[in-house]
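According to mature numbering (1 follows the signal peptide of the UniProt record, and there is no 0), the residues represented by the sequence shown are -19 to -1, 1 to 186, in order.
Just so you know, even glycine gets a beta-carbon here, dropped at the ideal spot from N, CA and C.
Notes for the one structure printed next.
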Amino acid sequence: MLFHIAAAAVLTNIAVLEIYSFLELPENANMQYLMDESPLHRVFVYGTLKRGEPNHKLLQDSENGYAKFLGLGKTSVPYPLIIATNYNIPFLLKKPGFGHQVFGEVYDVDTMMLKKLDELEEHPAFYKRFEDSVHFAPEAKVKSPDKFEEVSTLIKVWIYFLPKFKASLLESPMYKSYSSEGSHGLKYCEKYVRDPSYDHKKEVQ
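The structure is reproduced here in structure tokens:
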């Protein structure tokens, strides 16, 4: 009997502490405030957001939110990774079974950073973010790209695809991995030097 009374007292104290903690939240706190303290989102990047590429600075800037490099990734199925438009933009086309299994990087990001990535990729009006599976491995474990699956595990991530595209894009060269400085000679043109009157979207959709 004494054990039950003691247990009930402990549970009552915990409940009181939880109510007190909730009341101590800022005056403007609400459920959205609590949801914004969200768990991290796992993202696979394959193009200009990778380390050493033109848009990686977005992930490095803490004012955009939190981002942590976790390791390397490789899509579990082939997709067409191409470079297109006058601005040499890399696109991952939503056409599974075509092209190659694409290499990239995996990051954990918070909700604020995910929103910044959505803005960059113009999700969902242009690119669209889909959840998909990739093979993942810490960079230190990867000794050879040909043996990536041997040291990797399958995980779920967010990937930005171009879901609607001209069929002619499937005739473009397709790549296993992307670099703006690659041997293809198609250096990425950053947004701040682009012609605002030119709509590159018409070239691909």
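Q.
Comparing C-alpha positions only, which one of Ser43, Leu40, Gly54 sits nearest to Glu130?
A. The residue with the shortest Cα to Cα distance from Glu130 is Gly54.
**Q.** Three-state secondary structure assigned by DSSP to Thr56
**A.** Correct three-state label for Thr56: strand.
**Q.** Lys157 and Phe84 closer than 9 Å at C-beta
**A.** Cβ atoms of Lys157 and Phe84: closer than 9 Å.
Q. Where do the ends of the beta strand (DSSP E) carrying Val115 lie?
A. Where Val115 is concerned, the enclosing beta strand (DSSP E) stretches over 109 to 118.
**Q.** Glu162 (DSSP reduced to helix, strand or coil)
**A.** When DSSP states are grouped into helix, strand and coil, Glu162 belongs to the coil group.
Q.
Since Ile140 and Phe50 should fall inside the 8 Å C-beta cutoff, what is the C-beta to C-beta distance between them, to a whole number of angstroms?
A. The pair is not a contact, with the Cβ atoms about 16 Å apart (cut-off 8 Å).
Q: Measuring alpha carbon to alpha carbon, tell me which of Pro20, Thr29, Arg23 ends up nearest Cys170.
A: It is Thr29.
Q | Beta-carbon proximity check, Tyr47 vs Asp89, cutoff 9 Å | A | In this structure, Tyr47 lies near Asp89, with their beta-carbon atoms less than 9 Å apart.
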